[in-house]
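The sequence shown lines up with residues 5 to 456 when you count with my numbering. Don't be surprised by glycine CBs; every beta carbon is placed ideally from N, CA and C. Below: one structure, written as structure tokens.
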Amino acid sequence: MQLEDVYRYIDANQQRFVDDLIRLVKQPSVSARGEGINDCAKIVEEMMQNVGFSTLIIPEGQGNPVVYGEIKSKSSERTLLFYNHYDVQPPEPLEEWMYDPYSGEIRDGKIYGRGVSDNKGNIVSRLKAIQAFLETTGDAPVNLKLVAEGEEEIGSPHLAPVVQKHKKLFSADAAIWEFGGTDRKGRPMIYLGLKGVLSVELRVKAATRDVHSANAPLVPNPAWRLVWALNSMKNEKDEILIRGFHDNVEPPSAEEMEYVQKIPFEEEEEKQDLGLSEFLHNITGLEALKALLYRPTCTINGFLTGYTDKGSKTVLPKKAMAKLDFRLVPRQVTEDILKKLKEHLKNHGFDDIEVITHGSTEPVKTPIDDSFVQTVIETAERVYAKRPVVYPTSAGSGPMHLFRNWLGYPVVSVGCAHAESHGHAPNENLTVEGFVKGTKFIAAILHDFSVS
Ligand SMILES: [Zn+2]
């Protein structure tokens with residue numbers, strides 16, 4: 005059988021594949037600081053070319069380059085697109101790493117390095133699955149497109165206009181998203197959606213300079229104004245009080261809840277890991293999991309004002325600011341929420357508060373009964389010999405809506421990580437075994453999609 009030959013090729017070339025992954029991990033690509041971005045984009049492009057992709061680097065305006073490539077199939081009309089990102093989170097705190105974050109050190113079957121699980125391992129697994137097919141059968145089972153952007157870790161601020169402008173280039177019949185892996189029991193996890201996110205900054209100004217706090221009876225205090233404004237937005241039960249905020253929230257369907265009930269939720273480990281005895285408002289079990297996946301949120305990310313250094317300073321600050329994010333669920337729209345936030349502030353007498361937006365992505369979901377979703381679920385079960393855990397949506401965010409909502413095809417997220425891959429954290433790692441298995445999984449998806 006054809007797929008068996010592809011697997012054999014992957015096994016025989018495992019060391020070369022790991023070497024390529026290490027090469028990519030050794031190249032820093034921290035989008036938050038613009039470190040190594042162009043060099044990393046070039047390596048990704050070269051790796052794609054080595055597989056047989058015809059490539060193109062799309063400049064993202066003032067943003068980081070998007071690497072794009074495609075391979076035409078001689079035997080299929082269908083097209084599968086892969087979305088990935090080559091940028092990584094900053095590696096700090098460095099002292100908590102067991103090995104240099106850019107060493108690609110292998111110990112006990114694990115490859116360590118910043119970005120190895122998020123998202124460089126997945127980029128390489130996609131490329132190697134495709135290479136294995138081409139080398140074994142001489143053809144791509146379907147038309148293939150691969151997009152690797154360089155700003156995912158900072159919220160993909162420049163990707164929307166790129167997708168808008170190159171709709172034809174990004175058109176496909178289905179897409180595989182960038183993240184995923186196996187859980188503690190080795191079951192593959194499949195994700196079908198993301199929350200949206202709206203990041204804002206609230207700014208209040210009063211006097212033209214900091215003043216002596218003896219003037220407090222006369223001079224308005226921006227710190228208090230900001231506290232009152234924030235207080236008007238959410239109560240102590242964590243209910244969001246912005247009028248109309250929940251208007252468009254679409255609750256999970258009965259079918260989605262069937263899948264949610266099967267998700268193993270390791271809440272005790274989670275609490276222990278965070279040093280909490282209880283979750284917020286004591287929610288547990290299915291209720292907690294449902295909140296995590298389906299509840300929209302309003303979170304204060306940071307608050308800055310006045311004097312916060314040693315000792316005391318009797319000062320009345322001239323300004324205050326807070327950063328917030330709203331995590332949104334399907335049918336909520338970031339623009340609408342922003343409008344409602346501004347109306348809320350105005351209606352509560354806070355029209356002096358300036359609202360600045362720092363980017364947004366929309367909530368997105370592909371239905372479980374979509375035939376591509378069903379294909380991936382069946383493929384996962386065969387490859388891992390375990391029932392996959394299907395997340396109808398997830399608590400994270402990303403630019404998936406550009407592909408799912410704008411271009412209209414199903415998008416499913418799978419990857420090579422494991423339960424202790426430590427994405428975004430020190431000692432990020434991938435097991436060699438997980439990487440090889442993830443590569444076979446992608447090869448099997450290519451095959452099954454071509455015949456489905
Ligand atoms: Zn990430």
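*Of the residues M404, P255 and Q135, which one's Cα is nearest the Cα of N88?*
Residue nearest to N88 within the set M404, P255 and Q135 is M404 (criterion: CA-CA distance).
*Taking the CB atoms as reference points, tell me whether G184 and G419 lie closer together than 8 Å.*
Yes, the Cβ-Cβ distance between G184 and G419 is below 8 Å.
*Taking any heavy atom of ligand 1 as the mark, which residues have a C-beta closer than 7 Å to it, listed down the chain?*
Cβ atoms closer than 7 Å to ligand 1 belong to Q93, D122, N123, E156, E157, G427 and H428.
*Between the C-alpha atoms of L345 and V416, what's the straight-line distance to the nearest angstrom?*
Distance from the CA of L345 to the CA of V416, rounded to the nearest whole angstrom, comes to 32 Å.
*Buried or exposed (CB count within 10 angstroms, at least 16 for buried), S401*: Buried, because 16 or more other Cβ atoms sit within 10 Å of the Cβ of S401.
_Validate contact between the stretch 23-40 and the stretch 106-120 using beta carbons, cut 8 Å, 3 pairs_ = Three or more Cβ pairs drawn from the stretch 23-40 and the stretch 106-120 lie within less than 8 Å of each other, which places the two stretches in contact.
_Cutoff 8 Å; reference T435; Cβ partners in own chain excluding five residues on either side_ = Only G113, K114, I115 and H422 meet the Cβ criterion.
*Counting Cβ pairs closer than 8 Å, one from the stretch 243-254 and one from the stretch 386-402, do we hit at least three?*
The way I'd put it, the stretch 243-254 doesn't touch the stretch 386-402; fewer than three beta-carbon pairs between them come closer than 8 Å.
*Is DSSP giving V337 helix, strand or coil here?*
Coil, per DSSP.
*Report the residue from N68, V92 and Q168 whose alpha carbon sits nearest the alpha carbon of L411.*
Relative to the Cα of L411, the nearest Cα in the group N68, V92 and Q168 belongs to Q168.
*Taking DSSP as the reference, what is the three-state secondary structure of N239?*
It is coil, neither helix nor strand.
*Hey, out of I14, Q18, K327 and T338, whose CA is closest to L234's CA?*
The residue from I14, Q18, K327 and T338 with its alpha-carbon nearest to that of L234 is K327.
*Per DSSP, V215 is paired with what?*
Under DSSP, V215 takes part in a beta bridge, and its partners are L320.
*So is M102 buried or exposed if we call it buried at 16+ other beta carbons inside 10 Å?*
Exposed, because fewer than 16 other Cβ atoms sit within 10 Å of the Cβ of M102.
*asked:* In the DSSP assignment, the alpha helix (DSSP H) including I115 goes from what residue to what residue?
replied: Counting along the chain, I115 falls outside any alpha helix (DSSP H), though it belongs to the beta strand (DSSP E) covering K114 to Y116.
*Determine, using beta carbons only, whether A295 and I304 come nearer to each other than 8 Å.*
Using a Cβ distance threshold of 8 Å, A295 and I304 do not count as a contacting pair.
*Do L245 and M237 have their C-beta atoms within less than 8 Å of each other?*
A contact, by the Cβ cut-off of 8 Å.
_Could you check whether N68 and E155 sit closer than 8 Å to each other, using their CB atoms as the reference points?_
Contact flag set, yes.
*For H352, which residues from the same chain have a beta carbon less than 8 Å from its beta carbon, with the 5 sequence-adjacent residues on both sides left out?*
Result list for H352: A233 and S236, in chain order.
*Which word fits P192, buried or exposed, when buried means at least 16 other C-beta atoms lie within 10 angstroms of its C-beta?*
In the assembly as shown, P192 is a buried residue. Its beta-carbon has 16 or more other beta-carbons within 10 Å.
_Measuring only the C-alpha atoms, how far is S398 from S375?_
Rounded to the nearest angstrom, the two C-alpha atoms are 20 Å apart.
*Could you tell me if E153 is buried or exposed, where buried requires 16 or more neighbouring beta carbons within 10 angstroms of its beta carbon?*
The residue in question, E153, is buried, as its Cβ has 16 or more Cβ neighbours within 10 Å.
*Just the C-alpha distance for A227 and E100, rounded to the nearest angstrom, thanks.*
Taking the straight line joining both Cα atoms gives about 36 Å.
*Hey, Q93 and E50: beta-carbon distance below 8 Å or not?*
Not a contact, by the Cβ cut-off of 8 Å.
*In terms of DSSP beta bridges, what is N433 paired with?*
Partner(s): Y116.
_Suppose you measure from the CA of I127 to the CA of E182; what does that come to, to the nearest Å?_
Cα-Cα distance, rounded: 8 Å.
*Selection from N147, R27, Q66 and I47 that minimises the alpha carbon distance to F86*: Answer by Cα proximity: N147.
*asked:* Just to confirm the assignment, what range does the alpha helix (DSSP H) spanning G125 have?
replied: Judged by DSSP secondary structure, G125 falls within the alpha helix (DSSP H) whose first and last residues are G125 to T141.
*In terms of alpha-carbon separation, which member of V393, C302 and I360 lies closest to M261?*
Considering only V393, C302 and I360, the residue with the shortest C-alpha distance to M261 is V393.
*asked:* So the candidates are I357, G56 and T361; which of them puts its Cα closest to the Cα of R207?
replied: Of I357, G56 and T361, the residue nearest in Cα terms is I357.
*Could you give the distance in angstroms between the alpha-carbon of D355 and the alpha-carbon of L349?*
About 6 Å.
*Going by alpha carbons, who is nearest to D187 out of E270, V377 and T59?*
Looking at the Cα atoms, E270 is the closest of the given residues.
*asked:* Please give the ranges of any alpha helix (DSSP H) in the stretch 29-113, keeping only runs that are unbroken, at least 4 residues long and fully inside the region.
replied: As for any alpha helix (DSSP H) of minimum length 4 sitting wholly inside the stretch 29-113, the runs are 41-55, ordered along the chain.
*asked:* Taking 8 Å as the threshold (C-beta atoms), are T365 and G483 in contact?
replied: Nothing about residue 483 can be reported from this structure: the residues present for the chain run from 5 to 456 only.
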